[in-house]
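*Asks:* Chains as they are written, first to last, in my numbering: chain A, 273 to 500; chain B, 3 to 332; chain C, 29 to 250; chain D, 589 to 1250.
All C-beta atoms, glycine included, are put in the ideal place defined by N, C-alpha and C.
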Amino acid sequence: MSLPVRVGTLLVAFLAVVGGVIFVVIHFLLAGPPVVDYAAGVAPGQPVSIMLQEDPQNTVSNHPDWVSYFIKDPKTGAWVHTTLFQVPAGSRVNVTILGYDGCTPLRNPFWGMVTGTIGGVEDVNGSPVSVLNSWASCSVGHTFSIPGIGLNVPVASPTTLSANKNVCGLSPCTSGPHTTVTFSFNAPKSDGDYFWQCRVPCGLGYLDGFGGPMQTIGFMTGQMEVVS
Amino acid sequence: MAAETSAPATGAGEREPNHGMRIFIIWLVLALASDLLIWFVLGPHLPPGDLASAANGQQFDIKVMSAMAAPVMVFVLIQFIYSLIVWRHREGDEEDGPPIHGNTRVQVTWITLTTVIVLCLFGFGTYELVNGPGAGAGSGEGPSPIVNPPGAELTVAQQMAPYSASKPLVIQVIAQQWRFTYRYPQFGGFETTYLAVPQNQWVEFDVTSIDVIHDFWAYQLGVKADADPGVNNVAYTKPLQLGSITVRCDELCGLWHGAMYDYGSVMTQSAFQSWATASQAHFADVTKMLPPYATTYDPTEIKQLGTVLVKLGLTGAGGGYYPPNDPSQP
Amino acid sequence: MAEMTSATPSGLSREQEEEAFYHEAALNAAWTGSRLMIGIVTSGLGGFVFAFFYLRSVNSHGNWYPSSLTPPNKIEGLLIMALTVASAIIQSVGLTQIKAGRKQPWFAAAVAALLLGLVAAALQIWQLTILPFQPGQAGFASVFVGAMPVFALLVLGCMVWLEILVARSRNIPDISFVEQPPTFDEAADVQRFQANLSAFTLFYNFTAVAALVLWLLFYVVH
Amino acid sequence: MAIETEAGTTQRPGGPDPVGTPGAGAWWARPALHTGVIGAIIGYAFGHWLGNYWAVPTANSPAAYQQIGTSDGNDFAIVLGYTFMLVGWLIGLGVFNDLVKLMLGKRLPQNGHEANGGVAKYFRFTLDHKVVGIQYLIGMIIYFCTAGLLAMGIRTELLSPVHHVFSSSVYVEIVGEHGTMMMMLMTSVILGPFGNYLIPLMIGSKRVAFPRIEALSFWLTPAAFLVLLSALPLGGFHFGWTGYPTLSVQDTSGADAYAFAFGLMGISMILASFNILVTVICYRAPGMRWGRLPMFVWGILGTGTMMALAAPILSGGMYMLLLDRTAQTAFFTDNLGGSTYLYEDLFWFFGHPEVYILALPGFAIVSELLPVFTRKPLFGYKVASAGMIGVTLLSFFVWQHHLFDSGIDPDMRPLYMLTTELISIPTGFIFLVGMGTLWKAKIRFTVPMLFCLAFYFNFLIGGISGVYLSDVPADTTEHGSFFVMAHFHYTIMGGLIFAFMGGCYYWLPKMMGISLNEKLGRVHFWLMFIAFNSTFLPLFAVGLAGQPRRVFEYARNLTTLNDWVSISSFFLGVSILIFIINFVWSTVVVRNRETGNPWKSRGLEWQVSSPPPADNFETVPVVLSGPYEYGVKDAPPVADLNPPVGVLAAGLSESETARAEA
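(1) What is the rounded straight-line gap between the Cα of Gly635 (chain D) and the Cα of Gly1024 (chain D)?
(2) List, in chain order, every chain C residue whose beta-carbon is nearer than 8 Å to that of Gly232 (chain B).
(3) Specify the secondary structure class of Arg90 (chain B) as computed by DSSP and reduced to three states.
(4) Report the residue ranges of all beta strand (DSSP E) runs contained in full by the segment 444–491 of chain A; include only those spanning at least 3 residues, in chain order.
(5) Have a look at Ala770 (chain D) and Phe732 (chain D) and give me their C-alpha separation to the nearest angstrom.
(6) Could you pull the start and end residues of the beta strand (DSSP E) that Arg341 (chain A) belongs to?
(7) If you run the structure through DSSP and keep just helix, strand and coil, what is Phe1205 (chain D)?
(8) Return the residues of the segment 73–106 of chain C that lie within a Cβ-Cβ distance of less than 8 Å from chain B, sorted by chain order.
(9) Which word fits Cys1092 (chain D), buried or exposed, when buried means at least 16 other C-beta atoms lie within 10 angstroms of its C-beta?
(10) Looking at Pro50 (chain B): is its Cβ nearer than 8 Å to the Cβ of Gly224 (chain B)?
(11) Is Thr1183 (chain D) helix, strand or coil when you go by DSSP?
(12) Within 10 angstroms of the Cβ of Gly91 (chain C), are there 16 or more other Cβ atoms? Answer buried if so, exposed if not.
(13) For Pro133 (chain C), which residues in the same chain have their Cβ closer than 7 Å to its Cβ, ignoring the five residues on either side in sequence?
(14) With DSSP as the reference, label Ala220 (chain B) as helix, strand or coil.
(15) Taking Leu909 (chain D) as the reference, which of D:Met1081, D:Ser841, D:Gly950 and D:Ser856 has the closest Cα?
(16) Taking the continuous alpha helix (DSSP H) assigned at Gln152 (chain C), which residues delimit it?
(17) Relative to the C-alpha of Lys461 (chain A), which residue among A:Val289, A:Ser363, A:Gly481 and A:Val284 is closest?
(18) Roughly how many angstroms separate the alpha carbons of Trp219 (chain B) and Gly266 (chain B), rounded to a whole number?
(19) Could you check what DSSP says for Glu45 (chain C) in three-state terms: helix, strand or coil?
(20) Express the C-alpha separation of His335 (chain A) and Lys306 (chain A) in angstroms, rounding to a whole number.
(21) Classify Ala30 (chain C) as buried or exposed, calling it buried when 16 or more other Cβ atoms lie within 10 Å of its own Cβ.
(22) Please report the Cβ distance between Leu423 (chain A) and Val412 (chain A), rounded to the nearest whole angstrom; I am assuming they are in contact, meaning their Cβ atoms lie under 8 Å.
(23) State the CB to CB distance for the pair Ile247 (chain B) and Lys964 (chain D), rounded to an integer number of angstroms; the pair is presumed to be in contact (CB under 8 Å).
(24) Tell whether a beta-carbon distance below 8 Å holds between Gln654 (chain D) and Phe482 (chain A).
(25) At 3 residues or longer, and completely inside the segment 143–193 of chain B: list those beta strand (DSSP E) runs for me, N to C.
(26) Which chain B residues are close to Gly174 (chain C), counting only those with a beta carbon under 9 Å from its beta carbon?
(27) How would you list, in chain order, the residues of chain C whose beta-carbon sits under 9 Å from the beta-carbon of Leu638 (chain D)?
(28) Let me know if Met23 (chain B) comes out buried or exposed under the rule of 16 or more other beta-carbons within 10 Å of its beta-carbon.
(29) Which runs of the beta strand (DSSP E) at least 3 residues long sit entirely within the segment 901–960 of chain D? Give them in chain order.
(30) Grouping DSSP H, G and I as helix and E and B as strand, with all else coil, what is Thr235 (chain C)?
(31) Let me check understanding here. Comparing Cα to Cα, which of B:Leu311, B:Pro294, B:Phe77 and B:Asn235 lies closest to Gly995 (chain D)?
(32) Between the segment 768–786 of chain D and the segment 1175–1188 of chain D, do at least 3 Cβ pairs fall closer than 8 Å?
(33) Taking the C-alpha atoms as reference points, what is the distance between Ala14 (chain B) and Asp95 (chain B)?
(34) Is Ala327 (chain B) close to chain C, meaning its C-beta is less than 8 Å from at least one C-beta of that chain?
(35) Using a C-beta cutoff of 8 Å, does Val1177 (chain D) count as contacting chain C?
(36) Give the secondary structure of Ser321 (chain A) by DSSP, where H, G and I count as helix, E and B as strand, and everything else as coil.
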């Protein structure tokens, strides 16, 4: 091969490699679900109200059988398929979670205890509760736990057999048997990313129930980004 | 390396200096200096510190290993640097070097010396493991440790006996994705996320997991033990000073492995006892829900499962990965 | 290289000499290679044997071999093992024949061994489709489901090798096994065939031993 | 055998390629890379369809593999897809052509001529060990750079303890991809290119024992590489390179890619080592006694032995993992009679020899190069070879030191402490040999020599830190921390990769007939040496200060050290980039021809022209003396390249001569 051909081939190969790397980085490594911003327009220290729902499936993704959280966008009011949200530093966060999913026993019943909320309780359909027993009764659907700030809230589930067999079938859920869980906690004063997760083994079809949606951001685990 | 630096070297025609003696003297000075430095200056600050007996033992081991290694390293480095400077190729010299194929005395000496050093280190390490201050060096020894502190409690009945300051404190470490919880069987078996240990008392960690493999690493206590599902991995340490403890998971356990850490503290005897009693009361409600204390747990088989759950087709807290007719469904 | 083909004291040209040199190296390679293969496969099967004894000694949750486990059919197991061993024995007997210069008896034995081996592998695969237990039902079940396809694959691989030998032997006249063939090429061919056959026999007999060991583990010891 | 000489053709050592002769028919009709890719695509599609067809629960068999329905992931389809993809890839490359011919009773030509296929031959399944060597070389550089880029990603994330560039999921994916790619593919970084290319030349052989197996071993590596990368679109795998269950059984489909690729690479290792071992044992030239074997060959012999005996365990372990993930066996699930310790034992029974598979070729290269650039015989030839044999043997008896804290057999720990510390004795031999060879030498600071010297420096730190890890109490702090990470980067990156670079600068004139730019080479060396040490030396401190491996959040007081390391690592990346530029510039653009023996080496491979003739040697050489007789008065030349006719015949066995005469 002559020199121009060789150099030309080299250039093409070089561009192909650079293009490939950029594609992989953007498409696979930096891609992720959107972040729902609860901090925009809220002065630091002011309370924010966030709303989540947990669904027995996720028919808007390519994993229709995976359980999933959805977060309500404060601006549009639409349910967003993500588990990332931003709150202002040092503010009181009022959380409402709509539990549309049925019950499952916790792997460790210890997580049936409410910790880290203001007052140490959560309100299940309006009445305060501090402990839910997921082994003896059908009471816990999922949990909302932020270990970094010691927060653990078991999200109650519909307790009757018929309700559990007739959970909503289309996400984001708008109707069907569900519970409403509310609680408040104080966001940390310094900014940073705090991961949150569910502790119920709800990754059905995965060993220990902890694969799939449990370890995929956008389904049952995500991050609370504290911004100041 | 010092390859490019030009240092004064003996000319070719001059009397051959005694290279061996030169290297030996340089080595002696530097080795001595580095050993003194390691032992007296660096030694007391070496990780993981001296908060607990196991940590202390590890610090001592690292100190001794460093003191042993430094002369060896210094020797090899000096030998290399000296050779590179003195015997570098000179411009215009196209002759080959002297045909030295080997030297039996040097070879035998080297092999003997390295063997002796290695065997000494082995003897030292074994002594430290078996008889050192750390009782098993703070590492996980499995369900039946060979090195136990006095009064170690290895059966469930022994571990659940009421707390006494004269016996080791038993703490069960339960690892799960992605949090450690600590269970204190001597205080009614309450479970908490905070690790508190008393000063000047042996602590027995019974480490287990209810899902994948984790590793319990209480850095300042000098304790590291894998948390395997279905296995009770025992490790001992004796906190000697008051202070805070960092606990990290040291075995990749999935998505949030990097965020699986928490903190604890070494308290005085009395502070610990009042903390434990208060916690026992605080967690009383949730303690009633916990499975009876055992060395390992199998959440895929839950004896007290509610009727609605059973009617839903659930037998335990598993993922239903294995088919329903298998004996267990983790 | 034509200019180097001058005669030598041994009567060989350089070309022939090199040919002979690499011919001998190839014969040695068959010998060495078969032994090394046995080492490699021993190591591979050793993993399963280790798994067998490790899980058996741990007996985690009493689930190594629970009483609820229906064992694999003993007759099937015995048959698979016996067919493999018989195949290896028949082929080995055939080898003594061809070494004594009788190709046809070996050929018949090899074809028979080939059929028996294929039947054994097929039986093994069939057995795996009708097992009376779930793969994850017990430690024993897991090791069985893991090891047996590897064993079947091993036997199948041996049968491919044997088929190659059978196919190749058809191109070699019977008389070549009785007396030295006339040309260098033909002689080399026969020798390579014989070296290959010896290597195969050794490896296949090893496979038969492996069959016996696996049978003992899964049907007798368990 | 009839040897027709045709104009414009050269003899190929392995015989004609099974994929046809160049010039015979259109290029696209002959098996090569593109047909392999087509075969792979067809194979994957078929396998994937089969997996969906067979395993997805239907109305008739709802219970079987019900997890596929609930988990939204059919691992059967993916694993079968990979399997058939591999088969299609190999069929497309023409790997099975000769097997089919043999099964049909046809003879394969043992010898033959073939036109020099130009660049095209490098994209084909070929029986020429020199082509395979070059293929390996390019392949290994690509794999190394891919994994290296991922390492840059890791260090970018670790710039800050709280603010994240990647999500934790992607971070763990990158860590796993980097580790696995390096650990599985770099096993062949020296045995592949230099071993396959140079071993026949070094032992004076015109051929290798099993050219088809050798070529197959290479063509499995791109498959393993791409399968491993395919984990990214599948969602990655989140358990590092060790793949401990039950995490790896629990993970999503990316785990299939990990297990399949790693197991496949195990097979490639077995095949490569099988060919090399038999070649060294059976194809040495007359006079190439064991006592005259170059050190490089000794090292590769040890490496091959470890590969051949350890890699089957790896492939077996990965196969069990795949079964647990697909067929729902329970090898590693404790509730069902399995044990995670089983995997840990199987993995490390391979994994520890593997560490020496990665170290020994480095020893081999430096011991080979040192005499050339000191112009002295190797000091203590027997000690050096004994060291390599010792490392090989001992490497099988140390694996449980990875499990000191795991809770297995506490009473076995002193034993493994002993074996682990013992292995530093044969490793020390290599240092003795190095120091002895430098003694009173005439040291030439060429680029390859610089890399060799850096090897000794880096491996000294790597080796000594390894002794800390063998001590159970000290290991309790260091296990699983960045200390371990720094330790094995010192031995593998600082050892193996530095030696590999030295080998590149030293042997590229031989292999390609092209010398690399020396100025750039020096810049590459100094930058790489300084950046490497600046990257990994602080990590010992980071580890001792309590930072575990594979975390994306770390203590804030370690930020400065981590930032220092990250920035150094970017310089390390730049140094590799300089190497790539040098490599590409020298081989593609400038092409500075080098045909002779630029290093005045006595190595047998340097006695023939560069690059060597197609058949390696005009005639089979007769080796007359050892390879390191520098400065020895009246030392005979290393070999008689044109021995009188009859010498070869004299070495043959009686019957052989008699038969040949007939």
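*Replies:* In short:
(1) 58 Å
(2) Ser88 and His89
(3) strand
(4) 451–458 and 464–469
(5) The sequence as given places Met at residue 770 (chain D); Ala does not occur at that position. Taking the straight line joining both Cα atoms gives about 7 Å.
(6) The amino acid occupying residue 341 (chain A) in the given sequence is Tyr; Arg does not appear at that position. Element bounds for Tyr341 (chain A): Ser340 to Lys344.
(7) coil
(8) Ser88, His89, Asn91, Pro94 and Ser96
(9) buried
(10) yes
(11) coil
(12) First, the residue type needs correcting, since residue 91 (chain C) is Asn and not Gly in the sequence shown. Buried.
(13) Gly122 and Gln125
(14) strand
(15) D:Ser841
(16) Lys131 to Thr157
(17) A:Ser363
(18) 12 Å
(19) helix
(20) According to the sequence displayed, residue 306 (chain A) carries Pro and not Lys. Their backbone Cα atoms lie some 17 Å apart in a straight line.
(21) Legend: pLDDT at Ala30 (chain C) = 37, less than 50; position of this residue unreliable, value from coordinates given subsequently. Per the 10 Å Cβ criterion, exposed.
(22) With 8 Å as the limit, Leu423 (chain A) and Val412 (chain A) do not qualify as a contact, their Cβ atoms being about 16 Å apart.
(23) Actually they do not touch by this definition, with Cβ atoms about 56 Å apart.
(24) no
(25) 171–178 and 181–186
(26) The contacting residues do not exist; Gly174 (chain C) stays about 16 Å from chain B at best.
(27) What Leu638 (chain D) touches in chain C: nothing, since even the nearest Cβ is about 15 Å away.
(28) exposed
(29) none
(30) helix
(31) B:Asn235
(32) no
(33) Because Ala14 (chain B) carries a pLDDT of 46, less than 50, the predicted location of this residue cannot be relied on, and no value is offered for it.
(34) Per the sequence presented here, residue 327 (chain B) reads as Asn, with Ala not at that position. So yes, Asn327 (chain B) belongs to the interface.
(35) no
(36) strand
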